[in-house]
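Chain order of the listed sequences is L and S. Take 64 as the starting number for the first sequence in our numbering and just add one per residue. Take 547 as the starting number for the second sequence in our numbering and just add one per residue. Working notes, beginning with the structure itself.
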Amino acid sequence: MTDVLLKEGLFHVPESPDDMPYLIGSRCRVCEYTTFPRKKVCIRCLRDDTMEEIGLGRHGKLETFAIMRVGPPEFTLPYAVGYVRTDEGVRVFSQLTGFEMDDDALDLGEEMELVIDTVRKNEKGENVIGWKFRPVGRKSP
Amino acid sequence: MKKLAREVSVIGVGMHKCGKFLDKDLKDLSQVAIWNAIHDAGIDAKRIEAAYFSNALAGLITGQESVRGQVYLRASGFEGIPIVNVEGACASGTIALREAMIAVASGLYDVVLAVGAEKLYMDDTASSIRALATNTDIDIGAGIGFQFTGYYAMSLRKYMKEYAWTQQHFARVASKNKTNGSLNPYAQYQKPMSVEEILNSRVVAWPLTLYMCSTMADGAAAAIVCAKDVANKISNQKPINLAACALRSGEVTGDDDGQKHVARDAYNMAGLGPEDIEVAEVHDAMAPGEMFRIEKLGFGSAEEVARGVDNGDFTLSGRLPVNTSGGLAARGHPIGATGLAQVAEIVWQLRGEGEKRQVKGRNSEHPRVGLTQNSGGHVEGSHAALSVTILTR
Numbered sequence: 064m065t066d067v068l069l070k071e072g073l074f075h076v077p078e079s080p081d082d083m084p085y086l087i088g089s090r091c092r093v094c095e096y097t098t099f100p101r102k103k104v105c106i107r108c109l110r111d112d113t114m115e116e117i118g119l120g121r122h123g124k125l126e127t128f129a130i131m132r133v134g135p136p137e138f139t140l141p142y143a144v145g146y147v148r149t150d151e152g153v154r155v156f157s158q159l160t161g162f163e164m165d166d167d168a169l170d171l172g173e174e175m176e177l178v179i180d181t182v183r184k185n186e187k188g189e190n191v192i193g194w195k196f197r198p199v200g201r202k203s204p
Numbered sequence: 547m548k549k550l551a552r553e554v555s556v557i558g559v560g561m562h563k564c565g566k567f568l569d570k571d572l573k574d575l576s577q578v579a580i581w582n583a584i585h586d587a588g589i590d591a592k593r594i595e596a597a598y599f600s601n602a603l604a605g606l607i608t609g610q611e612s613v614r615g616q617v618y619l620r621a622s623g624f625e626g627i628p629i630v631n632v633e634g635a636c637a638s639g640t641i642a643l644r645e646a647m648i649a650v651a652s653g654l655y656d657v658v659l660a661v662g663a664e665k666l667y668m669d670d671t672a673s674s675i676r677a678l679a680t681n682t683d684i685d686i687g688a689g690i691g692f693q694f695t696g697y698y699a700m701s702l703r704k705y706m707k708e709y710a711w712t713q714q715h716f717a718r719v720a721s722k723n724k725t726n727g728s729l730n731p732y733a734q735y736q737k738p739m740s741v742e743e744i745l746n747s748r749v750v751a752w753p754l755t756l757y758m759c760s761t762m763a764d765g766a767a768a769a770i771v772c773a774k775d776v777a778n779k780i781s782n783q784k785p786i787n788l789a790a791c792a793l794r795s796g797e798v799t800g801d802d803d804g805q806k807h808v809a810r811d812a813y814n815m816a817g818l819g820p821e822d823i824e825v826a827e828v829h830d831a832m833a834p835g836e837m838f839r840i841e842k843l844g845f846g847s848a849e850e851v852a853r854g855v856d857n858g859d860f861t862l863s864g865r866l867p868v869n870t871s872g873g874l875a876a877r878g879h880p881i882g883a884t885g886l887a888q889v890a891e892i893v894w895q896l897r898g899e900g901e902k903r904q905v906k907g908r909n910s911e912h913p914r915v916g917l918t919q920n921s922g923g924h925v926e927g928s929h930a931a932l933s934v935t936i937l938t939r
């Protein structure tokens with residue numbers, strides 16, 4: 064089965080065992096506003112000369128989540144989604160993985176870490192590769 | 547933000563019933579709503595000088611991506627006048643109303659039509675579902691599994707943890723709105739439903755069950771917007787003042803509360819506060835969302851909102867009736883029409899034309915001040931478009 068990337072420029076796929084995945088964002092040198100996906104302009108300063116690309120999102124805390132029991136055919140049901148507040152302070156919408164899909168499986172505030180995984184199929188039936196977060200220190204089901 | 551240069555009124559509103567109409571297209575739906583509004587205003591249709599046409603998804607669903615208004619409104623008799631196409635997902639209808647307001651307030655026109663129409667039920671359901679998913683940043687939203695049911699479910703889960711909101715509260719709100727919808731001839735769902743039936747329906751995304759959620763809908767709604775100083779010269783209808791119509795785009799950099807900011811904008815524009823509002827239509831694509839809308843609009847703290855649900859505060863006979871039309875989940879949510887359908891309901895309530903669902907005013911037979919709140923789409927953790935409208939008589 065062929066795998067295709069969700070989109071170039073959103074995240075880093077590890078190239079070796081000691082390489083780590085991360086999301087590609089940016090941070091303002093002046094006000095430290097941090098954003099994902101990366102932007103050339105700081106929304107807070109409204110300037111185009113202050114943003115630097117950074118890697119972010121390796122760890123974060125779960126703000127909230129939902130188990131989706133209905134959805135488009137490209138997604139394998141049920142699947143979990145959530146908002147993770149990364150250590151850099153960015154709120155990222157993400158699928159969640161690495162636990163049983165129970166409605167109360169996770170605790171709000173739980174530590175999460177970034178993984179690269181299949182997020183859905185595309186119309187050709189190929190796996191679309193993106194990012195997900197999983198709870199830290201749990202055994203995968 | 548400055549004030550409008552000229553006061554603006556709504557002199558006519560009209561709808562096409564919400565529901566599933568496989569034998570009707572956007573020309574048919576628009577025509578019914580537009581001409582209902584024209585007859586409601588009692589004006590000569592030739593007085594209409596410009597039109598704002600709101601629709602979210604016809605491009606993807608029907609293939610009519612360009613010049614939608616120019617195409618669809620010919621079936622209602624309009625040519626020659628400027629027709630402007632407006633899109634802002636679920637908030638499209640209010641954006642059209644706001645542009646009509648600005649056009650009249652500028653002094654360029656005296657009478658402008660705002661009309662929204664949506665056609666979601668087609669033979670190909672999958673294409674409708676795919677189209678609905680595009681009201682997000684598709685790279686980082688729909689493409690990785692964002693659905694609005696999930697967005698509401700995630701928000702509600704936080705309120706449940708922080709403020710002891712329960713699934714029982716959510717089912718009570720949904721049941722209240724089904725009752726209101728049963729009294730609305732334009733509603734998609736006209737069957738009352740018990741709290742138990744709602745709780746026992748299939749889980750879509752916990753805490754949401756199927757009967758708490760809006761479904762696909764076809765429908766249309768229209769409003770005739772007129773300069774206040776012209777209204778009485780061309781229409782015998784009692785004009786309703788468009789006291790405020792505020793719009794913002796999503797905010798995630800500050801305190802992340804665009805919903806409160808847009809409400810503040812509207813209250814400032816109208817010179818009114820939440821305590822003045824006597825009836826409200828709020829954006830509840832999933833009925834329990836009504837609870838956080840009520841909070842963000844300043845009608846009460848999260849704890850007070852939960853108590854209000856327990857006490858029946860938001861029912862037709864309550865302290866502040868909300869979603870008297872049935873709201874999005876019962877009246878129906880024909881996306882591009884929804885904002886204008888909300889406005890039609892408030893106009894009817896202020897005029898005392900709410901029929902079986904008419905609510906009382908605090909100090910008069912019918913309410914004097916009503917509000918609509920309408921949000922659309924999603925960007926980076928916020929609604930993409932946020933609006934609040936205040937109508938007075």
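Where a beta carbon is used, it is the ideal one built from N, C-alpha and C, also for glycine. This structure is a prediction, so every number in the text was calculated from the model and none was measured.
Nearest CB-CB separation between L/PHE196 and chain S: not below the 8 angstroms threshold. Look at L/LEU119: its C-beta is not under 8 angstroms from any C-beta on chain S. No Cβ of chain L is located within less than 8 angstroms of the beta carbon of S/MET668.
DSSP links S/SER600 through a beta bridge to S/VAL632, S/GLY662. Taking every protein chain shown into account, the CB of S/SER740 has fewer than 16 other CB atoms within 10 angstroms, so this residue is exposed. Exposed is the label assigned to S/ARG908, since fewer than 16 other Cβ atoms lie within 10 Å of its Cβ.
Straight-line spacing of the CA atoms in S/GLY873 and S/GLY882 works out to 15 angstroms. Within the same chain, and ignoring the five residues on either side of S/MET668 in sequence, the residues whose Cβ sits closer than 7 angstroms to its Cβ are ILE607, SER674. Taking the Cα positions, S/ALA649 is about 15 angstroms away from S/ASP775. In the DSSP assignment, S/MET815 falls within the unbroken alpha helix (DSSP H) covering 804-816.
At the C-beta level, S/TRP752 and L/ASP166 come within 8 angstroms of one another. Residue S/ALA777 holds the alpha-carbon nearest to the alpha-carbon of S/GLY588 among S/TYR698, S/ASN814, S/VAL661, S/ALA777. Non-local C-beta neighbours of L/PHE128 in its own chain, meaning closer than 7 angstroms and more than five positions away in sequence, comprise ALA143, VAL144, GLY145, LEU159, LEU169, ordered along the chain.
Burial state of S/LEU643 is buried, judged by a 10 Å Cβ sphere holding 16 or more other Cβ atoms.
Our two residues, S/GLY878 and L/LEU171, have alpha carbons roughly 33 angstroms apart in a direct line.
Here DSSP, grouped into helix, strand and coil, assigns S/ARG939 to coil. Between the alpha carbons of L/VAL182 and L/VAL153 lies a gap of roughly 21 angstroms. Of all residues in the stretch 911-931 of chain S, only HIS924, GLU926, GLY927 place a beta-carbon less than 9 angstroms from a beta-carbon of chain L.
Closer than 8 angstroms at the C-beta level to chain S, one finds these residues of the stretch 122-153 of chain L: GLU126, THR127, PHE128, ALA129, ILE130, MET131, ARG132, VAL133, GLY134, PRO135, PRO136, PHE138, TYR142, VAL144, GLY145, TYR146. In the three-state scheme derived from DSSP, where H, G and I count as helix and E and B as strand, L/ASP66 is classed as strand. Secondary structure at S/LYS548: coil, using DSSP grouped into helix, strand and coil.
Shown here is that no member of the stretch 822-845 of chain S has a Cβ falling below 9 angstroms from a Cβ of chain L.
In the three-state reduction of the DSSP assignment, S/GLY854 falls in the helix class, which pools H, G and I. As computed with DSSP, L/TYR142 is found in a beta bridge with L/MET131. Using a CB distance below 7 angstroms, no part of the stretch 714-746 of chain S faces chain L. Cβ proximity to chain L below 8 angstroms picks out nothing from the stretch 855-886 of chain S.
By the neighbour-count criterion, in which 16 or more other beta carbons inside 10 Å mark a residue as buried, L/ARG92 falls on the exposed side. Within the same chain, GLN736, LYS737, PRO738 come within 7 angstroms of S/SER728 by CB-CB distance, once the 5 residues on both sides are set aside. In the structure shown, the three-state DSSP call for S/TRP581 is helix. Sequence-distant partners of S/TYR697 (beyond 5 residues in either direction) whose C-beta falls short of 7 angstroms from its own C-beta, in its chain, are HIS924. Around the beta-carbon of S/ASP856, fewer than 16 other beta-carbon atoms lie within 10 Å, marking it exposed. With distances taken between CA atoms, L/ARG107 lies nearest to L/GLU95 out of L/GLU176, L/GLU95, L/ARG101, L/ILE117. Look at S/MET762: its C-beta is not under 8 angstroms from any C-beta on chain L. At least one CB of chain L lies nearer than 8 angstroms to the CB of S/LYS707.
Within chain S, the residues placing a beta-carbon under 8 angstroms from that of L/LEU171 are ARG703, LYS704, LYS707, ordered along the chain. L/MET83 is classed as exposed because its beta carbon has fewer than 16 other beta carbons within 10 Å across all chains shown.
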